[in-house]
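As structure tokens, the structure follows; a few thoughts come after it.
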Amino acid sequence: MKVIILAAGYATRLYPLTLTRPKPLLPVAGKPMIEYVLDNIAPIGGLDRIYVVSNAKFADQFQQWADRYQATKAKLSFTIVNDGSTDDTNKRGAIGDIHFVLKTQHVQDDLIIVAGDNLFSEPLGDFGRFCREKNHPVLAVYDVGDLEQIKKYNAITLDGDGRITFFEEKPKQPSSTVTGIALYYYPRATLPLIEQYVGEGNNPDQPGRLIQWLYPRVPVYTWKVPGLWFDIGSKETLEEADRIFAGLKK
Numbered sequence: 362m363k364v365i366i367l368a369a370g371y372a373t374r375l376y377p378l379t380l381t382r383p384k385p386l387l388p389v390a391g392k393p394m395i396e397y398v399l400d401n402i403a404p405i406g407g408l409d410r411i412y413v414v415s416n417a418k419f420a421d422q423f424q425q426w427a428d429r430y431q432a433t434k435a436k437l438s439f440t441i442v443n444d445g446s447t448d449d450t451n452k453r454g455a456i457g458d459i460h461f462v463l464k465t466q467h468v469q470d471d472l473i474i475v476a477g478d479n480l481f482s483e484p485l486g487d488f489g490r491f492c493r494e495k496n497h498p499v500l501a502v503y504d505v506g507d508l509e510q511i512k513k514y515n516a517i518t519l520d521g522d523g524r525i526t527f528f529e530e531k532p533k534q535p536s537s538t539v540t541g542i543a544l545y546y547y548p549r550a551t552l553p554l555i556e557q558y559v560g561e562g563n564n565p566d567q568p569g570r571l572i573q574w575l576y577p578r579v580p581v582y583t584w585k586v587p588g589l590w591f592d593i594g595s596k597e598t599l600e601e602a603d604r605i606f607a608g609l610k611k
């Protein structure tokens, strides 16, 4: 199984913090965000290659970080993929980056995709077991507990088996506080659908749009994230996460 970590954004809302450092390498409670991702997906097991897709501005920083991380604590194998973009005007978008990695790295394997700025408080080993059992695309979900917050994310409706029956990005009138987050599983057989999505000229940004396009075509299941999850989009959420995760270490 392969992993793609999405880390090619420019995080302009966090300027000046992200002018010279990519958001996933910003520290939270003394540890880069991306390490929370890796530490919690490692228990999934069977992960034989981690692709970190970055941009031309920060690819070298990710390579330096990966060399240190692998030398000190990880048995995982890393490839840093430079998507060639230099700023927001020529970025590929999250789905564009996924497609770029699939094509340039010749990925033909079951695939986990996760955003490099997702903070998880609990191991995600059960996510891997669930995905292997379903052998269909899986979207991780989280209850944010606030209908106003859902408007920033997406709204989903599920059937009794946890399969998606409705998905809408940035809903204006959500009815549920459960949202899909940037943690996905795509079995090998579905990878050509990603190429089809891009080839048809669909929006290459916001990875949830791929789920929105996909669920009417193939079964897409959901898995509830345990513990805490943070999406770092502002200085305020970064400071809040720093306080909370520092408290979890005590």
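Residue numbering for the sequence shown is 362 to 611, as defined by this note's numbering. No residue lacks a Cβ here, since even glycine has one placed at the ideal position from N, Cα and C. Source: prediction; values computed, not measured.
Helix, strand or coil for residue i? Go by DSSP, reduced to three states.
i	result
L480	strand
G541	strand
N401	helix
A420	helix
I456	helix
P388	strand
Y430	helix
A501	strand
Y514	coil
A586	According to the sequence provided, residue 586 is Val. The question's Ala does not apply to it. Coil, per DSSP.
Y546	strand
Taking the alpha carbon of residue i as the reference point, which residue from the options has its own alpha carbon closest?
i	options	result
R374	L599, I605 and D603	L599
V502	P484, N496 and G523	G523
P532	L575, A516, D409 and R493	A516
L519	Y582, G407 and A372	Y582
L378	V398, G506 and E597	E597
I555	R578, S536 and T447	R578
V442	G506, Y412, A432 and L480	Y412
W584	R549, V398, H497 and I511	H497
V462	W426, K436 and A369	A369
T465	T440, L386 and E483	T440
Could you please give the first and the last residue of the uninterrupted alpha helix (DSSP H) stretch that includes residue i?
i	result
R604	K596 to L609
R570	G569 to L575
Measure the CB-CB distance between residue i and residue j and report whether it falls below 8 Å.
i	j	result
D504	T538	yes
V559	G457	yes
F591	L485	no
L380	L472	no
Counting contacts by CB-CB distance shorter than 8 Å, is residue i in contact with chain C?
i	result
A550	This model lacks chain C altogether; it includes just one protein chain.
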